Amino acid sequence: MSALEARQVHVRFGDRVVLEEMNFSVAPGELHGIMGPNGAGKTTFFNVLTGRVRPSRGHVLVDGKDVTGLPPHRIAALGVARSFQIMTLFDEFSALENVALARPAFRAQALHGHRAAIGDPEADAAARLVLDEVGLGSKAHVLARDLSYGERRALEIAVALAQEPRVLCLDEPTSGLGSDGIARIAEMVRRLKGRLAIVAIEHDMEFLFGLADRISVVHWGQVIAHGRPDELKANPWVRRSNLGRFG
Amino acid sequence: MSEPILRLDGIRKIYRKGMLDRTPTFQLQADLVFEQSAIVGVVGPNGAGKTTLFEMITGSNTPSAGKVMVAGADIHRVRYGERDRLAIHYHQSYQVRSFRRILPSFMLDRSPTRQPILHLFDEPQFNTQDGYIGFMLDFFRRLRAEGKLVFVCLHPTARYHLEILNEIGESFLLVHGGRAERKGSFAELVHDPRVEAYLGHEMTAAAHAL
């Protein structure tokens, strides 16, 4: 069964086609990449998957259960976490605090009001593990605003991971990064791969073709091509382009 | 299916200067039938009416006269929210056209199809660097294989645009001088003196060489 699935999802604004007949699935442990030109509907599709936009038609399923129309926090509670193209960190908090705040244990405690999770040794240790995972172990006490751009992107992913998701949706994780930063994110994603389902929107083709099990090419609000990286690279027009450089 | 996918039955569109001065500023007429699935290349100079034609076909712009029949249904008589189940217009413009709601939906017909049978691509951005062209052309072919009628409107400004038209177009539609008319082949299209004039000397030579 797919960890996350979209069936015939449509989104319309007036007569403008934003998503038309979008079909998509990701299996547990699989990395399914999404590529496509600007304005193709990729981010809107993420917004549908995570409950921020309700589709005009069609369904979203988490582990086979229909979640269409559920609010974002309910879908997150089912194990779907996302990072954003525009970063959403608490700048005045340390890296460790940003991660601790996102952990389900903290959210549960905050609800019950027992104790503050920040400074709690057990919570700190769990948050540290997540920071180690994204290579920010040594920056635990640095304020988010003082981190470099690349470190902030890594922290953004750590915040999503702190929610202990079964599906991680990454919206352009390498955007704005130089080659070192991209390599660092690629290394992190490679380590995560296989442990949870990952959906990654990405413009960096080397990143995507090197890491993805399957790729969906999204254009005009639908999947116009789909396959393994080697299958997609066989197209003659693709070989003529910059994409043809990889492999 | 016994009905043609698209029939433009005496379509006329006239824009006039104003309510008092009735001088036409734009005119377009089309009488065309597309029986079966195909990939049709649509070309013509800017302002000739390619986009207006597409809007009339998808039911978002009402013709001055005539009928647009899609899969046997008059699309301008189909419920606004169901017209995209018949025909769909992909455009880059940020201007969103809303369907002009003249009649309440319950007075209109249901769409005879669930999924659009007619796909209109309005000047899609083709870029040889990013590799998407190959996926886009394969997608047009997939739609055609699924029984859809596909219109690809392209404004040829580079040699590879002509290559694309030649590679995928089975027939062509020339929108020029207030008329939309069919051309049976790429050769027939690019040897039309009006197309030669519109392409210019260099592009015409490239087109003839293909």
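First to last, the protein sequences are chains A and B.
Counting from 1, position 174 in the first sequence corresponds to residue 174 in my numbering; the numbering is continuous, with no gaps.
Each number in my numbering corresponds to the 1-based position in the second sequence with 1000 added.
Where a beta carbon is used, it is the ideal one built from N, C-alpha and C, also for glycine.
These numbers were taken from a predicted model, which means no experiment stands behind them.
Test item: CB-CB of residue i and residue j under 8 Å
i        : j        : result
L1137(B) : W237(A)  : yes
A1206(B) : L1028(B) : no
S241(A)  : Q1129(B) : yes
A154(A)  : M188(A)  : yes
P1045(B) : H1176(B) : yes
L19(A)   : L49(A)   : no
I198(A)  : L31(A)   : yes
V67(A)   : C169(A)  : no
I34(A)   : G51(A)   : no
V1078(B) : L1108(B) : yes
I1039(B) : E1170(B) : yes
L1086(B) : L1118(B) : yes
R103(A)  : A127(A)  : yes
M22(A)   : V223(A)  : yes
Y1132(B) : P37(A)   : yes
A144(A)  : D124(A)  : no
L131(A)  : A183(A)  : no
G41(A)   : V218(A)  : yes
With 16 other Cβ atoms within 10 Å as the buried cut-off, status of residue i
i        : result
G178(A)  : exposed
F207(A)  : buried
L129(A)  : exposed
G221(A)  : buried
D180(A)  : exposed
T88(A)   : exposed
L1020(B) : exposed
S1105(B) : exposed
I1005(B) : buried
P1193(B) : exposed
R152(A)  : buried
S148(A)  : exposed
K65(A)   : exposed
I1102(B) : exposed
E1202(B) : exposed
G113(A)  : In this predicted model, G113(A) has a pLDDT of only 46, less than 50, meaning its place in the structure is not dependable enough to derive any value.
N1061(B) : buried
V159(A)  : buried
V1033(B) : exposed
E172(A)  : buried
T174(A)  : buried
Contacts that residue i makes with chain A (C-beta to C-beta distance below 7 Å)
i        : result
L1137(B) : W237
Contact list for residue i against chain B, beta-carbon separation under 9 Å
i      : result
V17(A) : D1084, I1088, H1089, Y1090, H1091
R12(A) : G1081, D1084
Where the beta strand (DSSP E) containing residue i begins and where it ends
i        : result
Q1012(B) : Before going on, a small fix: residue 1012(B) reads as Arg here, not Gln. Looking at the DSSP string, the run of the beta strand (DSSP E) that includes R1012(B) is 1006-1016.
I198(A)  : 197-201
I1088(B) : 1087-1090
E92(A)   : Looking at the DSSP string, E92(A) is not in any beta strand (DSSP E), and its letter there is neither H nor E.
D120(A)  : From DSSP, D120(A) is part of no beta strand (DSSP E); its letter is neither H nor E.
F1121(B) : 1118-1122
A1065(B) : 1065-1070
R57(A)   : 57-62
R74(A)   : Counting along the chain, R74(A) falls outside any beta strand (DSSP E), though it belongs to the alpha helix (DSSP H) covering 72-77.
Interface partners of residue i on chain A, CB under 9 Å
i        : result
D1021(B) : By Cβ distance, chain A contributes nothing, its closest Cβ being about 30 Å from D1021(B), past 9 Å.
G1049(B) : Simply none; closest approach about 18 Å.
Contacts of residue i in chain B (Cβ-Cβ under 7 Å)
i       : result
I224(A) : F1135, M1136, F1139
V9(A)   : Within chain B, no residue comes near V9(A); the closest Cβ sits about 13 Å away, beyond 7 Å.
Bounding residues of the alpha helix (DSSP H) (the contiguous stretch that carries residue i)
i        : result
M249(A)  : The structure shown does not extend to residue 249(A), since chain A is modelled only from 1 through 247, so no value can be given for it.
H973(B)  : In the structure as shown, chain B begins at 1001 and stops at 1210. Residue 973(B) is therefore absent and cannot be evaluated.
D1138(B) : 1132-1145
G1047(B) : Neither: G1047(B) is in no alpha helix (DSSP H) and is coded neither H nor E.
K42(A)   : 42-49
R239(A)  : 236-240
G150(A)  : 149-162
A945(B)  : With chain B covering only 1001 through 1210, there is no way to say anything about residue 945(B).
The ligand NAP heavy atom lying under 7 Å from the CB of residue i
i        : result
I1014(B) : Ligands in the displayed structure: none, and consequently the ligand NAP is not present.
Identified DSSP bridge partners for residue i
i        : result
S25(A)   : E5(A)
R214(A)  : H32(A)
R1179(B) : Q1029(B), H1176(B)
P1024(B) : R1016(B)
S1171(B) : V1040(B)
G227(A)  : I215(A)
D1109(B) : V1078(B)
Contacts that residue i makes with chain A (C-beta to C-beta distance below 8 Å)
i        : result
D1130(B) : P37, S241, N242, L243
Q1029(B) : Simply none; closest approach about 23 Å.
Q1115(B) : E21
Q1125(B) : P37
Beta-carbon neighbours of residue i, restricted to chain B and to distances below 8 Å
i       : result
H32(A)  : Going along chain B, no residue has its Cβ under 8 Å from H32(A), so there is no contact; the nearest lies around 16 Å.
H59(A)  : Per Cβ cutoff of 8 Å: no residues; H59(A) is ~15 Å from chain B at best.
V217(A) : Y1132, F1135
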